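Residue numbers (our numbering): 7 to 617.
Idealized CB from N, CA, C, for every residue including glycine.
As the structure is a computational prediction, the values presented were derived from the model and not from experiment.
Notes to accompany the following structure.
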């Protein structure tokens with residue numbers, strides 16, 4: 007099903023950067039004048055509202071800066087908006103889930119801070135559906151309670167009328183596009199959400215439809231062009247590589263502002279960061295015209311600034327810009343003995359001069375209004391989240407697919423290629439320990455969100471590590487079903503429209519992976535060492551085991567289709583143990599946690615697909 011004219015009733019038209027002469031001309035000159043537009047954008051902030059840290063190689067040495075946070079996002083956007091004409095502020099999705107700010111406030115804190123920035127459009131991401139349509143409605147109600155009335159866009163998401171997102175009409179909450187009037191010119195902004203991933207890696211209602219991204223985008227573009235709009239931006243939550251393909255497949259598209267893949271674009275090699283491509287990335291659309299693609303990394307760390315020049319025919323003549331990495335002035339280095347110190351004098355000045363010379367780096371003072379609003383939420387969290395529950399004896403590296411490079415810790419670089427991450431394996435161990443009836447555990451990589459650094463582990467660390475509203479469920483499965491579900495997961499993790507977060511980790515199970523083998527047999531040589539067993543042995547198809555997993559994958563999400571079948575067959579029992587609290591209890595009981603023994607990593611070897 008492709009949605010048709012129902013959406014045409016909605017177009018929101020707002021005036022941006024207009025003076026009285028522009029207003030007099032209205033839309034009459036829309037197809038007859040050139041336009042210079044500046045887009046300020048973020049994506050995937052995932053409730054990372056506080057400042058964090060960022061290590062850079064700068065002025066000849068590894069240097070750690072305070073970095074990011076929504077007060078810096080707001081400050082940078084305000085600074086650039088004051089300096090530029092004809093500005094649109096866009097958010098490409100996944101605003102929520104990822105820290106205690108969402109776990110505790112269910113989107114209220116994110117919405118309040120987003121309203122202080124006042125985005126001109128917000129595209130839905132897959133994680134917006136993590137607490138179902140009802141949870142998304144709650145967040146969007148918070149967002150709508152401010153004065154901004156930010157349009158929420160997704161041309162390929164169709165909620166059923168009578169459900170939370172469409173109480174009376176399909177577009178009560180979600181619009182396919184919005185039309186902004188900028189300097190007398192109409193600019194159409196079309197929202198696109200990643201369909202398969204959202205359906206299978208989040209928790210939307212079964213009645214909510216997720217349509218083909220390319221077809222939905224083209225239809226929205228066609229409707230806009232029929233209405234005289236010839237300057238069109240796609241605001242996508244669809245991953246960088248998918249956006250590149252989308253750009254070439256569509257007629258009439260000019261700009262893609264994207265998210266979901268957490269892609270850092272731009273020139274950061276000299277500072278020790280690896281980018282996925284140029285900012286902006288320039289391609290051609292199906293008409294042979296220029297298309298400009300831009301993403302802004304993740305976690306409130308970057309504000310993208312993109313300038314687009316259209317000619318009078320609505321064709322992009324040029325685009326240029328800079329991704330602003332938001333740094334603070336808390337700066338730390340280590341001496342030759344590994345001791346931290348704060349640079350001063352000439353050393354500090356050399357660092358600041360290097361930052362000043364790099365347009366992609368900015369020392370940003372937090373916006374006071376946004377910082378004060380955030381502090382109201384932070385104060386309520388501090389006592390709870392700062393309670394220490396145990397200790398990590400060493401850095402525990404985050405990874406999804408082995409060798410992908412998900413971790414942000416320098417000590418983890420190059421360590422995950424053979425066996426994947428440490429902390430997903432430890433989480434699987436914790437779940438097996440807490441579910442007293444299970445023989446083995448299986449956990450999806452995407453349910454584990456951060457590294458754990460050596461040192462104290464707090465309740466806040468645990469809930470940031472495991473931020474979703476999941477419980478532990480026990481599934482009674484045959485060996486053949488376990489083999490099948492693990493192969494489903496590893497295939498979905500590598501699928502272009504799948505999710506790398508589907509990659510499986512386990513306790514009591516281990517295997518080899520070769521993505522060049524036939525599908526269904528890419529994860530092979532599966533061995534088991536159940537809770538009461540002391541030796542590894544081959545998994546047999548006919549045996550029956552009790553498998554603990556989280557309630558999300560247990561329902562068949564994230565490519566774990568066979569888990570859903572087992573649940574539908576009545577072979578599932580919810581323990582009602584919160585999955586983050588289960589990790590807290592495990593760490594508290596153990597006292598210390600470390601990397602697993604090499605023989606206990608679930609992935610014993612990994613061979614990536616040959617291009």
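Nearest-angstrom Cα distance between residue i and residue j?
i	j	result
residue 200	residue 376	30 Å
residue 315	residue 297	11 Å
residue 614	residue 520	6 Å
residue 235	residue 256	16 Å
residue 48	residue 307	9 Å
residue 149	residue 82	21 Å
residue 121	residue 55	13 Å
residue 466	residue 68	27 Å
residue 279	residue 609	27 Å
residue 616	residue 523	11 Å
residue 570	residue 226	34 Å
residue 303	residue 271	7 Å
residue 605	residue 588	24 Å
residue 383	residue 389	12 Å
residue 221	residue 161	10 Å
residue 178	residue 159	11 Å
residue 169	residue 209	14 Å
residue 116	residue 546	48 Å
residue 410	residue 289	26 Å
residue 505	residue 356	42 Å
residue 110	residue 137	13 Å
Do residue i and residue j have their C-beta atoms within less than 9 Å of each other?
i	j	result
residue 327	residue 370	no
residue 425	residue 607	yes
residue 172	residue 182	no
residue 444	residue 553	yes
residue 145	residue 101	yes
residue 295	residue 98	no
residue 310	residue 238	no
residue 292	residue 351	no
residue 510	residue 529	yes
residue 79	residue 45	no
residue 562	residue 573	yes
residue 193	residue 186	yes
residue 242	residue 197	yes
residue 564	residue 452	yes
residue 471	residue 433	yes
residue 61	residue 416	yes
residue 39	residue 318	yes
residue 592	residue 557	no
State the start and end residues of the unbroken alpha helix (DSSP H) segment that holds residue i.
i	result
residue 335	Run containing residue 335: none in the alpha helix (DSSP H); it sits in the beta strand (DSSP E), 322 to 340.
residue 307	First-last for residue 307: undefined, no H or E at that position.
residue 137	Looking at the DSSP string, residue 137 is not in any alpha helix (DSSP H), and its letter there is neither H nor E.
residue 119	114 to 123
residue 530	Segment 529 to 534 is the beta strand (DSSP E) holding residue 530; no alpha helix (DSSP H) there.
residue 82	76 to 89
For the beta strand (DSSP E) that contains residue i, what are its first and last residues?
i	result
residue 197	191 to 199
residue 64	58 to 64
residue 483	477 to 484
residue 45	41 to 48
residue 2	The structure shown does not extend to residue 2, since the chain is modelled only from 7 through 617, so no value can be given for it.
residue 179	Where residue 179 is concerned, there is no enclosing beta strand (DSSP E), given that its DSSP letter is neither H nor E.
residue 396	394 to 398
residue 170	Unbroken run through residue 170: none, as it is neither H nor E.
residue 610	609 to 613
Would you call residue i buried or exposed, if buried means 16 or more other Cβ atoms sit within 10 Å of its Cβ?
i	result
residue 36	The predicted model places residue 36 with a pLDDT of 48, which falls under 50 and marks its position as unreliable, so this point remains unresolved.
residue 105	buried
residue 203	buried
residue 76	buried
residue 575	exposed
residue 140	exposed
residue 344	exposed
residue 167	exposed
residue 541	exposed
residue 30	Note that residue 30 has pLDDT 34, beneath the 50 cutoff, so the model's placement of it is unreliable and the number below is only indicative. Answer is exposed; the Cβ neighbour count stays below 16.
residue 363	exposed
(request) Quick one: which unbroken beta strand (DSSP E) runs of 3-plus residues sit fully inside the stretch 232 to 298? Chain order, please. (result) 238 to 243, 261 to 263 and 287 to 290
(request) List in chain order: all unbroken alpha helix (DSSP H) runs of 4+ residues lying wholly within the stretch 447 to 507. (result) 465 to 471 and 485 to 500
(message) Just to confirm the assignment: which complete beta strand (DSSP E) runs, minimum length 3, are found wholly within the stretch 544 to 588?
(response) 550 to 556 and 578 to 584
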